[in-house]
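One structure below.
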Amino acid sequence: MKYYHPSEVEPKWQKKWEKAKLFQAVDFDKKRKKQYLLVEFPYPSGEGLHLGHAFTFSLMDVLARQKRMLGFNVLYPMGWDAFGLPTENYALKTGIHPAEVTKKNTARFREQMKKMALAYDWEREVNTSDPQYYKWTQWIFLQLFKHNLAYKAEVPVGWCPACRIVLANEEIIDGHCERCGAEAERKEQSQWLLRITKYAERLVDDLDLVDYPESVKAAQRNWIGRSEGVAIKFGEIEVFTTRVDTIFGVTAVVIAPEHPLVGEILKRHLRGGRMDSSEVEKIRKYVEQAKKKSELERTELAKEKTGVFTGLYCLNPVNNEKVPIWVGDYVVATYGGGAVMVVPAHDYRDYDFGRRGRLEIRPVVKPQKGSWDFEKEAYVEEGILINSGPFNGLKSQEAIKKITEWLVKKKLGQKTVAYKLRDWVFSRQHYWGEPIPIIHCAKCGMVPVPEKDLPVELPYVQKYKPTTTGESPLANIKNWVEVACPECGGAARRETDTMPNWAGSNWYYLRYLDPKNKKELASRKKIDYWLPVDLYLGGAEHTTLHLLYSRFWHKFLNDIGVAPGKEPYYSRRQHGMILAEDGEKMSKSRGNTINPDEIIKKFGADTLRLYLLFMGPYEQTMPWSARGLEGCWRFLNRVWRLTKENVKKQKTPTDLLIKLHQTIKKVSSDLEEMKFNTAIAAMMEFINDWTSGFLHPQEAELFVKILAPFAPHLAEELWCEVLGQKFSVHQQPWPKYDDKLVKEEMMTIIIQVNGKMRGEIKVPSAKGQEQGEAEKIARQEPNVKKYLEGKKIKKVIFVPGRIINFVI
Ligand code: ANZ
Ligand code: ZN
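Each residue of the sequence shown is one higher than the one before, starting from 1 at the first, in full-length UniProt numbering.
Okay, here's the thing in C-alpha cells:
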C-alpha cells in the first residue's frame, strides 16, 4: 500500500467499535467525574446530514473522545427533533405517512453519523415524535396547565394564507411567512399560551449564573427586554415611561387602539353627543384598521406615526396641565400598559408623531454643553432640566429620582419594570406535532387528560391536510375527537391543536438521561447525577428562542421538583457557519453545496473531520477550500507512512522528543479552549520534524493517542495494526507530557571547521552550554564528519551556546 485506504480501514473499525460498545455513558459512576456534552439535535430532513451538522457533531466528538481519554464519564447522546412542517409537507406531497418519512430519514442520518465515527451512546437515542417521548412532553404541558401557566385566549396571531397556519412572531420575517415567503396576515384566534412572562425576571437574572458568550446573553436580555421606569397616572390613564425627567414636556397622551379606554371613549361620545358622529366614525375606523396591521407594520415598518384625537383630555400630575388624549397605533397594547406620555422634544417617535403642527414641541432637557435646535430634531440624550418648575437645573438622573419620589409620595405614580416578552403562543393547527392533552366538556369546561391516559397519540390517518378554516386537521377526525369527559363521562371533544416544534426540544436533554423510563420523564437520581449539561454546542442562528424556552421549562420543572438547579446548561458555545468555496452561503439553488457523503467516499471520514476542525477558529464564518481538504488528506497519509517507516526501537533523538512533548502539551491545552485548528497545526508541525528522524515505538504511540480524537479510524489502524497494540486506542489514557522536556529549550550551535561554517546542530539548551556534550553531537553531524574524516584535530574552540570551531 502506497496510500492509506480509508474505504477499507474505516468501515472495519466502525464495526468493531459498535460491537464493543465503547462509548456508553455509565450512570452513577462514582470513580470518574461526569461530563455531559450536548449538541443541538438535528431535524431529520429528507436531504440527509449536511455539512453544518457534520461540523458541529465533529467538534463535539473530538471533545467527547478526548474527555473520555482524560478519564471522564462522558455522556454524548444523539436524537431527533422529528416533529415539524417539512416532514408533514413532504408527506402530503408523496402520500407517505410522516411517521414513515421520519423513520426513513432518521435511519439515513444514523447511518451517516456512524460513517463519520461520531461516538454516540446509541442506547440513549430519543425521537420527539415517538409516543413514548411525547407522552412526557404532554405530561409537562399538563403540569403547566395545572399550575395556571397554560391558558387559552383570543389573540391576534400571524396567519399565513399559503401554509394555512398560525405564525408565531418569530416565524414572521419582515412581514412574511418564514417558510413560504407569502405575506403574513393578522387575525384573532383562540390559542393556547404559556405564561413565560411570569419567568421574565428570573430568565434575565439567572444569566449571571451561566457561562454563555456575551452575545448570547445579550440576545436573551434583548428578547426579554426589561426596562425600569415609572407608571404614572394622567387622570384615569396610566402611562409607562423610562424618562420621567421629561414629564414637563408632555404635550399629549397616546393610547393603543386596543386600550380598554378606547371603547369607553366611543361610548361616552355617543351618549354625550359632544363630538359629531363623523368624528366618532373616524376614531372607530382608525382603530379597526390598526388592529389588522402586524406590530412590525405599526412600528418599525411604518413610514410615519399616525393617530386620531379623541376629543378628550387628561391631567398631567406634575403641573395639572390639560393634555389631549390621542389614539395611535405606534403604541403597543401589550407593553407598559399600552399608553405613553408623548414628549415630542425628547423622543424620536414622539417627535415624528407630534410633527406637522399636531403637537407643541416643548424642550425640557438641554444638553450639558452647547445648544440644540428642537425644531429640527428630538434631543434624546440626558442633560439638564429646563422649563420644569421646581426641578430646573437638575441633571436627568437626579431629576428621575426626585420626580419619581414626588410622584410616589403623592400616590400618582410607582416604580415598575416592563418587559417586552409576551406570553408564548403555544398552539399550532397542524397534524405533525404533539396533541395538546386537554378535553373540552360543555359541562366541566377544560379537563386535563388523566395522566394514566397519556400519551394522547396522534391518530394514524391518511388525511392530515391543514384545513382552510384555520382549524387543526385533527378536527376532522371524528372518532378521535369525540371522547367521553374524564370527569362527568358526558360527550366531550378533544383539543385538536398541536404543540409547536419547540416543545420537544425544550427538554430533550432530560430524556437522554433515562430514555426508556416508563414511569417518569427521567429518574430524579439520574437527573441529579448528570445535570447540568456541562457544554451545549449549537449554531448561532435561531438559538435565542430555543434557549429561552428551554430555560423557562427547566425553571418550571425545577419549581415543581422534577429537575435540580436553576439553569439546564452550564455553558454554551456557538459555532460559526461554513460557506461555500465561493464565499457565499451554501444553498441548493446556488448549486454550491458540499455533500459530506461524497467527501467521505473520496477521502474518508477522518479527513473530513480533521479538515472541518482545521478550517479556522470554530466560532467563525469560514469558506470551504478543496485545497485545505487535500492538505488534511496528505497529512494523514504522511502520519500513516511515518508510523510505518520512521519508527525504530532505539532512543528517540532529544530534539524530536522535546518537540513531541511540546506538541502533546499544545494539543492538550488547545482542546481545553476548543482551539481545534491550532491543535491540528501543532501536530502538522510535529510531523515535519518526525520526517527527519525516528521515533521509538513508545513515543509513536503517544502521538497516535493525541491524534485519536481527531482521526479515530486512522489512529485505531496505526495503534492496532502498525504498532501492534491492543484494541482500542480510544480506551487509552490521554498522554501526559514531560514537563522537564517541554521546558527544555533548544538552541542552535554553529559548527565551523577552521573557522568556516560547515553545519549547525540543535541541542537542548543545557547541553549547548557544555563543551563535552555539544562536541559529541557536533562530531555526529554528517557534513562536519566529512571534513574531520582522517584529520587530526589540533584544538576545539567552544563559545557556549553559539559556536564550536574545530581547528585541524
Ligand atoms: C416618555 C419618554 C420621553 C419616553 C423620552 C422615552 C423618551 P423602552 O426603553 O423600550 O422600555 N413606551 C411606553 N409604553 C409604550 C408602548 N406601549 N408602546 C410604545 N412605546 C411605549 O421604552 C420605554 C419608553 O417607550 C417609554 O418612555 C415610552 O416613552 C415608550 F424622552 O416615555 B417614554
Ligand atoms: Zn364533563
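Here a beta-carbon is modelled for each residue, glycine too, at the ideal position from N, C-alpha and C.
Buried versus exposed, by CB contacts within 10 Å (16 or more), residue i
i, result
"V126", "buried"
"N316", "buried"
"G338", "buried"
"residue 812", "Here the chain comprises residues numbered 1 to 808, so residue 812 is not present and cannot be evaluated."
"L270", "exposed"
"L588", "Per the sequence presented here, residue 588 reads as Lys, with Leu not at that position. Burial call: exposed."
"Q191", "buried"
"D81", "buried"
"N222", "exposed"
"R65", "buried"
"S388", "buried"
"C488", "exposed"
"D373", "exposed"
Length of the line joining the Cα atoms of residue i and residue j
i, j, result
"T241", "G328", "16 Å"
"L671", "K792", "54 Å"
"V380", "D206", "31 Å"
"I706", "E699", "11 Å"
"S505", "S550", "7 Å"
"D655", "H554", "53 Å"
"I687", "E717", "18 Å"
"Y3", "V784", "36 Å"
"G181", "F556", "35 Å"
"D350", "G393", "24 Å"
"L312", "F353", "18 Å"
"M683", "A25", "29 Å"
"R493", "V483", "6 Å"
"K33", "Y618", "26 Å"
"K601", "F55", "17 Å"
"R243", "P161", "41 Å"
Proximity test, residue i beta-carbon vs ligand 1 heavy atom, cut-off 7 Å
i, result
"H269", "no"
"S728", "no"
"Y618", "no"
"G338", "yes"
"F391", "no"
"D347", "yes"
"V380", "yes"
"M275", "no"
"R243", "yes"
"Y351", "no"
"G229", "yes"
"M113", "no"
"A82", "no"
"T416", "no"
"F248", "no"
Proximity to residue i [Cα-Cα], best of the options
i, options, result
"Q662", "V742, Q620 and H730", "V742"
"V216", "H546, A231 and E100", "H546"
"T607", "Q289, E673, H346 and F710", "F710"
"G229", "V417, K786, E487 and S625", "V417"
"E744", "A231, E701 and L660", "L660"
"T404", "L92, I477, P324 and T246", "T246"
"T643", "A679, F676, L714 and L657", "L714"
"A200", "R422, Y509, A399 and E382", "R422"
"D559", "L458, Y4 and L144", "L144"
"A778", "A766, Y787, S765 and E760", "E760"
"E154", "P161, H147 and V166", "V166"
"G298", "N592, V332, R110 and V753", "Note that residue 298 is Arg in the sequence shown, not Gly. Nearest of N592, V332, R110 and V753 to R298, Cα basis: V332."
"P86", "Q731, C441, N501 and E236", "N501"
"residue 839", "I749, R202 and E770", "Not covered by the structure: residue 839. The range shown for the chain is 1 to 808."
"L359", "A252, D121 and K21", "A252"
"F806", "K740, Q752 and Q771", "Q752"
Per DSSP, the bridge partner or partners of residue i
i, result
"W633", "W633 is not bridged to any residue."
"E154", "S190"
"F240", "A231"
"P448", "I438"
"R226", "Y419"
"F806", "V753 and V796"
"F309", "W326"
Contact test: residue i Cβ vs ligand 4 heavy atom, cutoff 7 Å
i, result
"A256", "No copy of ligand 4 appears in this structure; the ligands present are ligand 1 and ligand 2."
CB contact check: residue i to chain E, cutoff 8 Å
i, result
"S45", "The displayed structure is made up of one protein chain only, and chain E is not part of it."
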